[in-house]
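Working notes, beginning with the structure itself.
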Amino acid sequence: SNWNLIGYWLHDPMSPDDAFNELIISDNLVYVTGFTEDGAVFFDPIGFPFLNTLTELNNGFGYWVKVLDDVIDFTYPEPSGVLAKVVDIRKNPDIIATNRFMFINGTVSFENIAVTEESYVGVFTESGILIGEMKVFEGGFLQTGAMYGDDLTTQIIDGAEAGELLTFSYGEYESVPVEVRFTDNMELQKVDLTFRNIPDEFALLQNVPNPFNPVTSIHYKLPEQTHVLLTVYDILGRKVRTLVNETKISGTYSIKWNGTTDSGEAVGSGVYIYELTTPQFTSTRKMIIIK
Numbered sequence: 001s002n003w004n005l006i007g008y009w010l011h012d013p014m015s016p017d018d019a020f021n022e023l024i025i026s027d028n029l030v031y032v033t034g035f036t037e038d039g040a041v042f043f044d045p046i047g048f049p050f051l052n053t054l055t056e057l058n059n060g061f062g063y064w065v066k067v068l069d070d071v072i073d074f075t076y077p078e079p080s081g082v083l084a085k086v087v088d089i090r091k092n093p094d095i096i097a098t099n100r101f102m103f104i105n106g107t108v109s110f111e112n113i114a115v116t117e118e119s120y121v122g123v124f125t126e127s128g129i130l131i132g133e134m135k136v137f138e139g140g141f142l143q144t145g146a147m148y149g150d151d152l153t154t155q156i157i158d159g160a161e162a163g164e165l166l167t168f169s170y171g172e173y174e175s176v177p178v179e180v181r182f183t184d185n186m187e188l189q190k191v192d193l194t195f196r197n198i199p200d201e202f203a204l205l206q207n208v209p210n211p212f213n214p215v216t217s218i219h220y221k222l223p224e225q226t227h228v229l230l231t232v233y234d235i236l237g238r239k240v241r242t243l244v245n246e247t248k249i250s251g252t253y254s255i256k257w258n259g260t261t262d263s264g265e266a267v268g269s270g271v272y273i274y275e276l277t278t279p280q281f282t283s284t285r286k287m288i289i290i291k
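This is the structure we're talking about:
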């Protein structure tokens, strides 16, 4: 509701901020969307500007404008002459841009996953169709991306169906499940995604550095959620320090040991044993502290 399709009839391009300045100042503008040769684009007047993909209105194009209250006799202001910053949107040939779409942006975090400079999170249907993508910005922000629905005028399924659950992928990794379903109402939905590099098996790794003085790091891997007990013993098998004693979700972990006992006393030079114990797995390794 309250969507209005209006044309842009001025000769010179104009930024949405300038074109709809009065609506923005009066807190009446909700969203603006458009459709270019690169697909559907989006402008949110109150969101982070760098997440917007609609940054310029051009002559001959129409734009869907959503407002809170009816607007009578809308006119564009005179162009300021200041050129808008045009966003370079990657056109992915695997994504079919249809006339049914929604938008998604938000934030993302990666745990034990290397992120390249030009990174995108792909959005898929339950049947595995790629329907959109979001560029990953520094700080974990996701640029607004258009997600496309199935073109109902064709016999093939080339997009999402209304109400279909969406999944999010980064390369070989799938995000922690979130509840996002496709709608074709041109609205924005925000997400907070997490990608984890989940190990295939339990593992206790060699501490680094080794030998060490005064601090070393111990890494271990859990393929599933489980209770973890990580303990340091001296060479005679006497407990020195309990480093971990709690339930952990799947993932790769690191914890530091500063060469002290549970009571905070510094240990002497020598060989020490550290042991990882879970209901499914037990492993021990040796480490050396030199003073």
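Everything in the sequence shown is counted per UniProt numbering, starting at 1 for the first residue and increasing by one.
Note that CB positions come from ideal geometry on N, CA and C, so glycine has one too.
Being a predicted model, the structure only gives us computed values, none of them experimental.
- Cα atoms of S254 and H219: separation of roughly 4 angstroms, rounded to the nearest angstrom.
- Burial is judged here by how many other beta carbons sit within 10 angstroms of a residue's own beta carbon; P45 has at least 16 and is buried.
- Taken in chain order, the complete beta strand (DSSP E) segments of 3 or more residues contained in the segment 198-227 are 216-222.
- In summary, L51 is buried, with 16 or more beta-carbon neighbours lying within 10 Å of its beta-carbon over all protein chains present.
- The Cβ-Cβ distance between A146 and F182 does not fall below 8 angstroms.
- Secondary structure note for A162: it is in no alpha helix (DSSP H), with a DSSP letter that is neither H nor E.
- By the criterion of a C-beta distance shorter than 6 angstroms, H11 is surrounded in its chain by N59, once the five residues flanking it on both sides are discounted.
- Shortest Cα-Cα distance from Y148 to any of V82, G39 and K66 involves G39.
- Here the segment 187-194 makes contact with the segment 100-107; the two share three or more CB pairs at distances below 8 angstroms.
- Taking the Cα of P13 as reference, the smallest distance to any Cα among L54, D200 and P199 is reached at L54.
- Of the residues assessed, G237 falls on the exposed side of the cut-off, its CB having fewer than 16 other CB atoms within 10 angstroms.
- Only residues of its own chain outside the window of five on either side were considered, and among them P199, A203 and T252 have a CB closer than 6 angstroms to the CB of K221, listed in chain order.
- Separation of the CB atoms of I95 and I131 is rounded to 7 angstroms, and the pair is thereby assigned contact status at 8 angstroms.
- Here DSSP, grouped into helix, strand and coil, assigns L236 to coil.
- When only Cα atoms are considered, N207 and Q225 end up about 23 angstroms apart.
- F195 places its beta carbon 8 angstroms or farther from that of F48.
- Listed as beta-bridge partners of F182 by DSSP are no residues whatsoever.
- By the beta-carbon neighbour count (other beta carbons within 10 angstroms, threshold 16), D150 is buried.
- With distances taken between CA atoms, G81 lies nearest to A19 out of V67, A19 and R90.
- Relative to the Cα of F43, the nearest Cα in the group K66, W9 and L230 belongs to K66.
- Taking the Cα positions, E265 is about 31 angstroms away from I249.
- Between the alpha carbons of V180 and V121 lies a gap of roughly 15 angstroms.
- With 16 or more other Cβ atoms from the protein chains shown falling within 10 Å of its own Cβ, Q143 counts as buried.
- Beta-bridge analysis with DSSP links W257 to T216.
- A residue is called buried once 16 or more other Cβ atoms fall within 10 Å of its Cβ, and L57 is buried on that count.
- Annotation: the continuous beta strand (DSSP E) that includes A146 extends over F141 to Y148.
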